[in-house]
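Okay, so here's the structure we're looking at.
Protein chains in written order, with UniProt numbering: chain A, 1 to 478; chain B, 1 to 311.
The structure is reproduced here in structure tokens:
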């Protein structure tokens with residue numbers, strides 16, 4: 001019997017003809033798909049939905065109508081609502097521009113720089129990358145970022161607060177959109193200080209009322225002394241939760257012990273300690289290994305040798321009531337509210353060394369120079385950074401300081417404690433981190449030295465080694 | 001001419017006289033079959049090696065690969081004077097020696113025990129091989145928690161027993177041994193597996209003959225099992241050496257090379273240069289130097305452990 005005369009159920013499931021036919025159909029479908037992608041606009045798209053604030057502050061050319069994918073690399077935020085905020089805004093943007101698709105890649109903050117570096121080295125980085133402002137000079141020096149001046153409104157750029165604008169700019173051009181601004185403050189558990197009858201740091205909106213580091217340490221020692229015999233061990237100071245956590249994890253935080261030991265209007269050595277790197281960003285010797293810097297690190301080491309703070313990272317130590325004090329970024333206040341911490345807490349100005357000092361910088365998004373969709377990437381950034389979206393982020397979602405002056409005027413809470421203190425800290429004693437084209441190397445080397453010192457290395461000798469190492473690394477940029 | 005040489009010569013002559021030349025079509029088939037594997041090797045093994053060799057002669061930034069500069073042997077010259085590199089090489093060698101000294105004899109002893117049909121052998125085998133199928137990062141995170149200076153499991157036990165707590169990973173003296181312990185725990189199952197395979201390949205008749213001669217216990221292991229497992233031991237030693245040279249995950253997760261470079265090894269040093277300092281040329285020079293040193297070390301091991309003994 002001829003196969004075609006067989007009843008359907010007895011025919012072979014796959015004949016050679018069927019197989020070749022299917023292969024041809026697949027090939028044709030693939031070719032049509034590829035052509036559609038190449039032409040960009042063959043497939044129908046959903047009707048656009050207008051954005052409430054349009055694309056302000058975007059001022060670049062009209063966006064493409066082709067189908068494209070914008071890839072975004074950013075940090076994974078610690079609270080779910082913060083990540084959901086991005087999802088919501090991306091959905092709004094793609095509803096207004098249905099031909100655009102956004103691919104959102106997230107990594108923990110501590111891995112962000114490395115992921116970005118590798119993506120750039122691989123030659124096909126995401127179109128938009130979030131980085132901490134401290135590292136922006138290195139991305140700019142290596143031509144990894146696109147200048148945004150022709151794409152973003154001038155008044156928006158001029159509205160950016162000084163430390164962040166300085167850090168995100170090079171030769172007068174802005175290279176990163178400032179996502180937020182961060183400063184340090186001294187958060188403490190008022191119940192614990194009261195329970196052990198230890199005088200608590202001053203609750204004030206004026207940074208000038210800050211205690212010195214020495215006086216603060218005395219209070220922490222009193223706390224440590226007072227609770228001896230108590231079953232429950234409570235650290236006087238919570239460890240850093242930035243980067244990977246623990247000592248040596250964050251120059252942005254721990255570098256203040258070095259720099260606040262300097263004085264910008266003091267002796268040559270004190271001035272250099274404060275500056276932390278030469279003006280061209282390529283010399284560290286004579287800046288990070290001064291006697292003042294060593295003294296600052298001796299102080300920091302004493303916090304570990306006196307068992308005032310743990311030698312390893314303890315996530316959420318302050319929020320969970322396992323540490324009395326927490327010197328951390330402004331975001332702590334909103335987070336404490338979100339987590340509904342079970343104690344009375346207060347905020348004092350960050351303690352002062354010879355200089356009242358906080359690093360003032362924050363995260364920022366830049367458009368990768370390898371991006372094939374620069375206008376679209378800049379437009380998305382503009383949308384994320386418009387006034388309405390920023391106000392929600394700062395007041396309801398994350399609680400960090402805005403990076404633009406006009407937003408402070410529109411957020412009433414910056415007229416009240418503790419947010420007024422944070423704004424005053426930003427204006428009076430926040431300084432950008434050392435600007436160097438070898439920023440990543442700079443922070444890795446110093447973080448390593450700070451960790452070693454925290455664990456017992458001799459401060460002066462270790463800083464000298466770090467400075468020597470840094471000069472070798474930074475010599476590439478001379 | 002010695003007896004051994006005469007025997008070898010006779011075998012060679014016999015092989016030559018009976019050898020049949022393969023037809024050309026067979027050679028072509030062989031070539032076609034081998035080509036994909038050779039291409040894979042060239043692309044994924046040889047290619048990166050040549051790329052690293054070329055990079056080692058240049059100053060290259062990870063962030064801007066287009067802006068590189070030929071510097072000749074300058075990276076190697078700098079490497080020779082880099083005390084941190086030599087310190088990391090010293091740590092690597094300490095780790096290798098420590099691992100070989102503990103892991104190989106321990107794995108042999110465990111394999112001999114597991115080769116016997118004792119109660120609980122299956123459970124012991126499963127426990128030994130469990131780290132082999134566990135992610136290195138997970139292992140490192142768990143051990144890190146156990147080593148924590150104030151809240152870790154080990155210190156809780158030490159504290160409970162009345163002894164002074166130990167800093168472990170935060171001490172320059174204790175960090176490397178602590179990492180070594182993790183490495184041994186992680187890899188020993190693999191060594192045991194190879195020794196077990198070797199033990200099970202030894203003909204039972206050899207043991208029967210030894211037993212007839214009255215050789216038992218430690219003497220049996222020393223004079224019969226060990227010599228017969230010489231090739232297996234060589235494989236285990238080779239693998240342990242190579243694994244020890246490339247240890248990275250526990251250092252990355254637990255100590256980042258610290259404290260004070262106490263756990264910085266050759267691979268972590270290379271990683272630092274490439275991915276922390278964006279110094280790709282220098283990192284490549286480190287890589288090439290390490291390859292040469294490892295190859296040299298393996299050659300020495302091969303010479304020391306070579307054997308003609310067969311069964």
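All residues carry an ideal CB built from backbone N, CA and C; glycine is no exception.
With a cutoff of 8 Å on beta-carbon distance, residue 137/A and residue 435/A are scored as near each other.
Here residue 242/B is exposed, its C-beta having fewer than 16 other C-beta atoms within 10 Å. Counting every other CB atom within 10 Å of its CB across the protein chains shown gives residue 138/B a total below 16, marking it as exposed. Taking all protein chains in view, the Cβ of residue 236/A is crowded by 16 or more other Cβ atoms within 10 Å, so the residue is classified as buried.
Judged by DSSP secondary structure, residue 56/A falls outside any beta strand (DSSP E); it is assigned neither H nor E. Below the 9 Å Cβ cutoff, chain B contributes 61, 62, 63, 64, 67 and 278 as neighbours of residue 142/A, in chain order. Distance check between residue 468/A and each of 388/A, 203/A, 287/A and 383/A places 287/A closest, using alpha-carbon atoms only.
Residues of the region 306-331 of chain A with a C-beta less than 7 Å from any C-beta of chain B: 310, 311 and 312, listed in chain order. Leaving aside the five residues that flank residue 422/A on each side, the residues in its chain whose CB is nearer than 7 Å to its CB run, in chain order, 183, 185, 330 and 401.
Under DSSP, residue 131/A takes part in a beta bridge, and its partners are 364/A. Going by C-alpha positions, residue 376/A is about 48 Å away from residue 179/B. Taken atom to atom, the span from the alpha-carbon of residue 181/B to that of residue 464/A is near 33 Å.
Using beta-carbon distances, residue 275/B counts as an interface residue toward chain A, with a partner under 8 Å. Going by DSSP, residue 99/B is part of the alpha helix (DSSP H) stretching over 83-115.
Runs of beta strand (DSSP E) with 3 or more residues, each lying fully within the region 163-231 of chain A, are found at 184-189, listed in chain order. Interface flag for residue 167/A against chain B is unset, since no Cβ pair is found closer than 8 Å. For secondary structure counted as the alpha helix (DSSP H) over 4 or more consecutive residues, the region 348-395 of chain A holds these complete runs in sequence order: 374-384 and 387-392. By alpha-carbon distance to residue 263/B, the top candidate from 71/B, 90/B, 83/B and 75/B is 90/B. Cβ contact annotation for residue 397/A (same chain, cutoff 7 Å, sequence separation greater than five): 81, 82 and 85, in chain order. In the pairwise beta carbon analysis, the region 23-39 of chain B is classified as not touching the region 96-110 of chain A: fewer than three pairs are separated by under 8 Å. Segment contact: the region 215-235 of chain B against the region 267-280 of chain B, fewer than three CB-CB distances shorter than 8 Å; contact not assigned.
Among the residues facing chain B, residue 444/A is included, as its CB has a counterpart in that chain under 8 Å away. By the Cβ test, the region 113-131 of chain A is in contact with the region 60-71 of chain B, since at least three Cβ pairs between them sit closer than 8 Å. According to DSSP, residue pairing for residue 261/B in a beta bridge does not occur. Contact note: residue 441/A reaches chain B through 276, 277, 278 and 279, using a C-beta cutoff of 9 Å and chain order. Secondary structure at residue 235/A: strand, using DSSP grouped into helix, strand and coil. Within chain A, the residues 451, 452, 455, 456 and 457 have their CB atoms less than 8 Å from the CB of residue 259/B, given in chain order. For the 8 Å CB-CB criterion, residue 244/A and residue 110/A form a contact.
In terms of CA proximity to residue 139/A, 364/A leads the group 458/A, 413/A and 364/A.
Secondary structure of residue 61/B (DSSP, three-state): strand.
Contact check between the region 118-128 of chain B and the region 155-170 of chain B: fewer than three CB pairs, one atom from each, fall below 8 Å, which does not count as touching. Shown in chain order are the members of the region 143-171 of chain B whose Cβ falls below 7 Å from a Cβ of chain A: 148, 149, 150 and 170. Shortest Cα-Cα distance from residue 64/A to any of 380/A, 214/A, 316/A and 195/A involves 380/A.
Between the alpha carbons of residue 245/B and residue 250/A lies a gap of roughly 30 Å.
Counting C-beta atoms within 10 angstroms of its own C-beta, residue 254/B has 16 or more neighbours from the protein chains shown and is therefore classed as buried. At least 8 Å separates the CB of residue 237/A from every CB of chain B.
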